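A.B. asks: If you read the sequences in order, they're chains V and C.
The opening position of the first sequence corresponds to residue 13 in our numbering, with each subsequent residue numbered one higher.
The opening position of the second sequence corresponds to residue 13 in our numbering, with each subsequent residue numbered one higher.
2 protein chains.
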Amino acid sequence: MMNRPVEGTRRKSGIKRLRKLRTAIVEKGLDVLLISQPENLRYLSGFTGSSGWLLISGQNAILATDFRYVEQAKGESPDFEIIQTKQELRDWLPGLASDSGWHKLGFESNYISYGGYHKLSKAIKTKPVNLELVPTTGIVEQLRSIKETEELGFITKAVALTDAAFEQARAIIRPGITEREAAWEIEKFLRQERSEGMPFEIIVASGPNSALPHARPTEKIIQSGEPVLIDMGAKINGYCSDFSRTLLLGETDKSLQEIYNIVLKAQTAAIEKAESGMDASQVDQLARSVIEQAGYGDAFGHGLGHGVGLAVHEFPALGPSSSDSLADGMVFTIEPGIYLAGRGGVRIEDMVVLENGKAKVLTKAKRDLLF
Amino acid sequence: MMNRPVEGTRRKSGIKRLRKLRTAIVEKGLDVLLISQPENLRYLSGFTGSSGWLLISGQNAILATDFRYVEQAKGESPDFEIIQTKQELRDWLPGLASDSGWHKLGFESNYISYGGYHKLSKAIKTKPVNLELVPTTGIVEQLRSIKETEELGFITKAVALTDAAFEQARAIIRPGITEREAAWEIEKFLRQERSEGMPFEIIVASGPNSALPHARPTEKIIQSGEPVLIDMGAKINGYCSDFSRTLLLGETDKSLQEIYNIVLKAQTAAIEKAESGMDASQVDQLARSVIEQAGYGDAFGHGLGHGVGLAVHEFPALGPSSSDSLADGMVFTIEPGIYLAGRGGVRIEDMVVLENGKAKVLTKAKRDLLF
């Protein structure tokens with residue numbers, strides 16, 4: 013019973029999403045769009061299985077999947093026509109296209125392998141089918157980047173969960189515990205509080221390990237005086253959060269505290285000055301210039317942030333070479349960092365949503381220097 | 013200190029693997045092979061980061077990765093030349109190929125997207141580079157399919173861990189517990205016993221849910237008289253196990269017990285009659301014919317099994333349309349199933365290794381009808 017209102021909203025928003033997608037398909041001159049990217053599938057149809065395709069045309073909304081997922085598809089995607097197919101596109105797509113009168117089929121060029129494309133293309137050539145394969149990118153991702161109210165609600169819950177987990181982490185992380193033990197305690201908390209798995213492996217990186225932006229928890233024992241970088245996410249109703257803080261345990265090096273304050277200043281600049289309508293690369297530059305001016309430009313080797321939703325990394329990308337631009341309804345991270353090989357690193361990551369032209373911070377955990 | 017012997021063995025086996033790969037590269041007429049599939053990367057170099065490429069030629073063994081993973085790569089892949097690159101191949105590969113005198117570059121066609129290939133191909137055309145891109149499949153996967161002694165040791169440990177977890181599961185799974193709670197208890201056990209994450213999401217599927225071959229644990233309360241299908245894996249030193257059993261709780265339907273016995277008979281036939289040198293499809297048929305003769309052919313909609321190693325699904329594939337053939341040293345699952353929509357399903361899955369021409373079962377858990 014409890015799930016009904018959500019279900020009703022989902023079906024209504026599903027219909028709205030399909031309508032927007034069909035407009036985009038017509039604009040691109042396509043008869044049909046083949047969708048294989050898992051979060052795009054889920055966004056449009058509700059289907060959460062790990063193997064399947066959508067085919068969306070003006071008339072059709074088809075979910076094709078194999079034996080293993082047919083029952084699940086019927087339950088999760090009541091508004092779609094479910095067809096059971098073999099696992100290789102070439103075995104069934106040319107026939108379906110011919111029966112349906114499709115001649116221009118768009119596909120997601122970043123989510124079909126070179127090999128898969130060539131098998132399909134070859135199969136088409138051997139059949140009496142007039143079907144052109146048209147590479148596309150980002151059509152559904154663009155729709156996904158602007159969050160609906162319900163989506164923002166799930167994201168806000170996921171953010172609250174990582175905030176709560178950080179309070180746990182602060183209590184747990186003391187000199188003497190290993191990185192692995194700390195990460196596992198955090199994960200247990202998140203999972204017991206109903207996070208649907210982990211969007212990515214939790215990072216607890218101490219001392220020199222914190223200089224590896226994508227460190228994995230090791231058996232290293234956390235020592236007093238070390239920076240401890242924590243990066244974690246939660247997932248609620250499919251929607252992710254992403255969160256980082258760096259603790260400076262006990263008496264740390266003055267230079268680490270200085271770095272911490274530079275990163276915090278860079279993050280604050282980006283949060284305060286980000287506006288809808290800006291290029292994503294401009295927002296990156298707002299933070300990057302603070303770090304560059306402090307002389308640490310080379311030590312900030314990744315982009316400022318990324319969109320978060322059904323995927324933990326999605327549109328928009330906030331980096332120096334991004335061509336995305338920002339709009340109200342987008343949810344993304346702002347996470348500058350400074351990493352000094354052999355010594356340690358600091359990253360501070362919040363999630364924000366653009367509302368009324370400005371960035372509203374979703375993350376509630378304190379950003380001050382923490383001991 | 014404890015890690016040194018393993019480290020030494022790994023480096024020696026790494027050199028042997030590279031030697032075999034270079035022979036294959038020469039046989040295919042390539043100057044260099046570009047490797048992007050994550051387990052192939054790890055197998056050859058030890059690198060476990062989530063973004064990177066290997067370039068293996070007669071002279072070179074290069075690991076290219078971006079800023080985030082350079083420090084990790086230096087630690088994990090001491091025998092490789094580490095180069096720091098941008099994240100897109102097109103930005104650096106044409107120049108490196110030109111400098112290195114490579115003209116025929118093989119790439120893994122199932123692990124490069126259509127879009128990525130085209131960007132690279134376009135970049136090559138705009139530069140004064142004489143470089144041909146040659147699609148390849150399965151070169152490293154073939155090497156990986158034959159396990160070395162050390163690899164078999166890790167796999168055996170992972171199998172022992174799922175065996176132990178099944179003993180826990182039998183104690184935990186009683187009428188009244190939800191699927192989700194049971195799956196989480198099993199996961200906690202596996203993780204606390206040092207499984208490196210979960211190779212796939214644990215399945216605990218009861219009653220009608222057990223008819224979904226890839227069910228996810230739900231809030232459904234497990235009832236007496238229901239089949240409960242458990243499918244789980246563990247990971248030790250990167251190597252996976254894969255394990256399924258179906259419990260029949262309390263007084264179950266006679267027809268379910270009948271199905272159980274058919275699946276068991278099918279599995280036993282495949283285990284006893286599998287031989288090195290056979291086509292993988294023949295072994296599938298050994299089990300499938302038992303199920304077909306019992307009248308349930310349509311209810312066994314997946315292949316009999318798959319190789320297991322660094323990936324939980326790898327070479328060989330054991331299915332009706334597989335073209336793989338079996339050889340000593342291969343490790344794979346044998347997992348027939350019968351699934352009746354709305355009623356329930358049974359799957360029994362063991363892991364075996366081919367030794368001296370015959371299948372040796374690695375899984376120790378009982379296969380009898382369990383209540």
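Built from N, CA and C at the ideal position, the CB exists for glycine as well.
Since we're looking at a predicted model, the values are computed, not measured.
Contact check, residue 109 (chain C) vs residue 141 (chain C) under 8 Å by CB: the rounded distance?
C.D. replies: Residue mapping note: residue 109 (chain C) aligns to position 97 of the second sequence, counting from 1. Residue mapping note: residue 141 (chain C) aligns to position 129 of the second sequence, counting from 1. The C-beta distance from residue 109 (chain C) to residue 141 (chain C) rounds to 6 Å, short enough to fall under 8 Å.
A.B. asks: Looking at C-alpha atoms only, which residue of V:36, V:290 and V:103 is the closest neighbour of residue 149 (chain V)?
C.D. replies: Position 137 of the first sequence, counted from the start, is the residue given in the question as residue 149 (chain V). It is V:36 whose Cα lies nearest to the Cα of residue 149 (chain V).
A.B. asks: Which residues of chain V have a Cβ atom closer than 7 Å to the Cβ of residue 149 (chain C), listed in chain order?
C.D. replies: For this step, residue 149 (chain C) is matched to residue 137 along the second sequence. Neighbours of residue 149 (chain C) on chain V, chain order: 127.
A.B. asks: How is residue 269 (chain V) classed by DSSP in three states: helix, strand or coil?
C.D. replies: As a first step, residue 269 (chain V) must be located in the first sequence, where it is residue number 257. DSSP places residue 269 (chain V) in helix when its eight states are reduced to three.
A.B. asks: Give a yes or no on contact between the region 113–130 of chain V and the region 126–142 of chain C, applying the rule of three or more CB pairs nearer than 8 Å.
C.D. replies: yes
A.B. asks: Check whether the Cβ atoms of residue 218 (chain C) and residue 241 (chain C) lie closer than 9 Å to each other.
C.D. replies: Sequence index remark: in the second sequence, residue 218 (chain C) carries index 206 (1-based). Sequence index remark: in the second sequence, residue 241 (chain C) carries index 229 (1-based). For residue 218 (chain C) and residue 241 (chain C), yes; Cβs fall inside 9 Å.
A.B. asks: Smallest Cα separation from residue 307 (chain V): which of V:168, V:352 and V:24?
C.D. replies: In the first sequence, counting from the first residue as 1, residue 307 (chain V) sits at position 295. When each option's Cα is compared against that of residue 307 (chain V), the closest is V:352.
A.B. asks: Start and end of the beta strand (DSSP E) containing residue 308 (chain V)?
C.D. replies: Reading the first sequence from its first residue, position 296 is the one you call residue 308 (chain V). Where residue 308 (chain V) is concerned, there is no enclosing beta strand (DSSP E), given that its DSSP letter is neither H nor E.
A.B. asks: Grouping DSSP H, G and I as helix and E and B as strand, with all else coil, what is residue 318 (chain C)?
C.D. replies: On the second sequence, position 306 is the one that residue 318 (chain C) refers to. In this structure, residue 318 (chain C) counts as strand in the three-state DSSP scheme.
A.B. asks: Closest to residue 346 (chain C) by C-alpha separation, out of C:106, C:55 and C:329, would be which residue?
C.D. replies: One-based indexing of the second sequence puts residue 346 (chain C) at position 334. Cα-wise, what sits closest to residue 346 (chain C) is C:329.
A.B. asks: Using only the alpha-carbon positions, how far apart do residue 269 (chain C) and residue 348 (chain C) sit?
C.D. replies: For the purposes of this step, residue 269 (chain C) is identified with residue 257 of the second sequence, where counting begins at 1. For the purposes of this step, residue 348 (chain C) is identified with residue 336 of the second sequence, where counting begins at 1. Rounded to whole angstroms, residue 269 (chain C) to residue 348 (chain C) spans 15 Å at the Cα level.
A.B. asks: Taking C-beta pairs closer than 8 Å, name the residues in chain V that residue 83 (chain C) reaches, listed in chain order.
C.D. replies: If you number the second sequence from 1, residue 83 (chain C) lands on position 71. Simply 223, 224 and 353.
A.B. asks: Would residue 89 (chain C) count as contacting chain V if we go by Cβ distances under 9 Å?
C.D. replies: Translated into positions along the second sequence, residue 89 (chain C) becomes position 77. Chain V contact via Cβ: absent.
A.B. asks: Between residue 25 (chain V) and the rest of its own chain, which residues show a CB-CB distance below 7 Å, the 5 nearest in sequence each way excluded?
C.D. replies: Reading the first sequence from its first residue, position 13 is the one you call residue 25 (chain V). Hits under 7 Å: 160 and 162.
A.B. asks: Please list, in chain order, the residues of the region 112–141 of chain C that have any C-beta partner in chain V closer than 9 Å.
C.D. replies: Listed in sequence order: 119, 120, 121, 122, 123, 124, 125, 126, 127, 128, 129 and 130.
A.B. asks: Output the distance between the C-alpha atoms of residue 134 (chain C) and residue 182 (chain V), rounded to the nearest integer angstrom.
C.D. replies: One-based indexing of the second sequence puts residue 134 (chain C) at position 122. One-based indexing of the first sequence puts residue 182 (chain V) at position 170. About 50 Å.
A.B. asks: Please list, in chain order, the residues of the region 66–83 of chain C that have any C-beta partner in chain V closer than 7 Å.
C.D. replies: 79, 80, 81 and 83
A.B. asks: Run through DSSP, which three-state label would residue 192 (chain V) get?
C.D. replies: Counting from one through the first sequence, the residue named residue 192 (chain V) turns up at place 180. Residue 192 (chain V): helix per DSSP, three-state reduction.
A.B. asks: In chain C, which residues lie less than 9 Å from residue 203 (chain V) when you measure between Cβ atoms?
C.D. replies: As a first step, residue 203 (chain V) must be located in the first sequence, where it is residue number 191. Ordered by position in chain C, the residues that pass the 9 Å Cβ test against residue 203 (chain V) are 196, 199 and 200.
A.B. asks: Per DSSP, what are the beta-bridge partners of residue 183 (chain C) in this structure?
C.D. replies: One-based indexing of the second sequence puts residue 183 (chain C) at position 171. In DSSP, residue 183 (chain C) forms no bridge with anything.
A.B. asks: In the region 311–338 of chain V, which residues sit with their C-beta less than 7 Å from some C-beta in chain C, listed in chain order?
C.D. replies: 313 and 314
A.B. asks: Quick one: any contact between the region 307–318 of chain V and the region 228–245 of chain V, if contact means 3 or more CB pairs under 8 Å?
C.D. replies: no
A.B. asks: When you check each C-beta in the region 34–67 of chain C against every C-beta of chain V, which residues fall closer than 8 Å?
C.D. replies: 60, 61 and 62
A.B. asks: Quick check on DSSP: helix, strand or coil for residue 394 (chain V)?
C.D. replies: Missing from the structure shown is residue 394 (chain V); chain V here goes from 13 to 383 and no further.
A.B. asks: Between residue 191 (chain C) and chain V, is the shortest Cβ-Cβ distance under 9 Å, so that the two count as touching?
C.D. replies: Within the second sequence, the letter at position 179 stands for residue 191 (chain C). No, residue 191 (chain C) lies away from the interface with chain V (no Cβ there is under 9 Å from its Cβ).
A.B. asks: On the DSSP letters alone, give me the boundaries of the alpha helix (DSSP H) that residue 103 (chain V) sits inside.
C.D. replies: Translated into positions along the first sequence, residue 103 (chain V) becomes position 91. Residue 103 (chain V) -> alpha helix (DSSP H) spans 101–112.
A.B. asks: Contact defined as beta carbons within less than 8 Å: I believe residue 366 (chain C) pairs with residue 323 (chain C). What is the distance between those atoms, to the nearest angstrom?
C.D. replies: The count along the second sequence starts at 1 and reaches residue 366 (chain C) at position 354. The count along the second sequence starts at 1 and reaches residue 323 (chain C) at position 311. In fact, because the Cβ distance is near 18 Å, the residues do not count as touching under 8 Å.
A.B. asks: Assess contact between the region 203–210 of chain C and the region 278–297 of chain C, defined as three or more Cβ pairs (one per stretch) separated by less than 8 Å. Is contact present?
C.D. replies: Too few Cβ pairs lie closer than 8 Å, so no.
A.B. asks: Buried or exposed: where does residue 215 (chain V) fall if 16 or more other Cβ atoms within 10 Å of its Cβ makes it buried?
C.D. replies: For the purposes of this step, residue 215 (chain V) is taken as the residue at position 203 of the first sequence. Classification for residue 215 (chain V): buried.
A.B. asks: Anything in chain V within Cβ reach of residue 209 (chain C), meaning under 8 Å, just list it in chain order.
C.D. replies: Residue 209 (chain C) sits at position 197 when you count from the first residue of the second sequence. Under a criterion of Cβ atoms nearer than 8 Å, the residues of chain V adjacent to residue 209 (chain C) are, in order, 213.
A.B. asks: If you draw a straight line from the C-alpha of residue 75 (chain C) to the C-alpha of residue 74 (chain V), how long is it?
C.D. replies: Start at 1 with the first residue of the second sequence, and residue 75 (chain C) comes out as number 63. Start at 1 with the first residue of the first sequence, and residue 74 (chain V) comes out as number 62. Rounded to the nearest angstrom, the two C-alpha atoms are 42 Å apart.
A.B. asks: Quick test of the definition: if touching needs 3 or more C-beta pairs under 8 Å, does the region 222–234 of chain V touch the region 185–194 of chain V?
C.D. replies: yes
A.B. asks: List the whole-angstrom C-beta distance separating residue 253 (chain V) from residue 293 (chain V), where the pair is believed to meet the contact cut-off of C-beta under 8 Å.
C.D. replies: The residue labelled residue 253 (chain V) in the question sits at position 241 within the first sequence. The residue labelled residue 293 (chain V) in the question sits at position 281 within the first sequence. Between residue 293 (chain V) and residue 253 (chain V) the Cβ distance is about 24 Å, and since that is not below 8 Å, they are no contact.
A.B. asks: Excluding the 5 residues preceding and the 5 following residue 47 (chain C) in the sequence, name in chain order all residues of the same chain whose CB lies nearer than 8 Å to its CB.
C.D. replies: Here residue 47 (chain C) refers to the residue found at position 35 of the second sequence. Result list for residue 47 (chain C): 53, 56, 65, 66, 67, 68, 120 and 152, in chain order.
A.B. asks: Nearest by alpha-carbon distance to residue 259 (chain V): which of V:178, V:86 and V:311 is it?
C.D. replies: Residue 259 (chain V) sits at position 247 when you count from the first residue of the first sequence. Measuring from the Cα of residue 259 (chain V), the nearest candidate turns out to be V:178.
A.B. asks: Per the DSSP calculation, residue 337 (chain C) is bridged to which residue(s)?
C.D. replies: The sequence position of residue 337 (chain C) within the second sequence is 325, counting from 1. According to DSSP, residue 337 (chain C) bridges with C:291.
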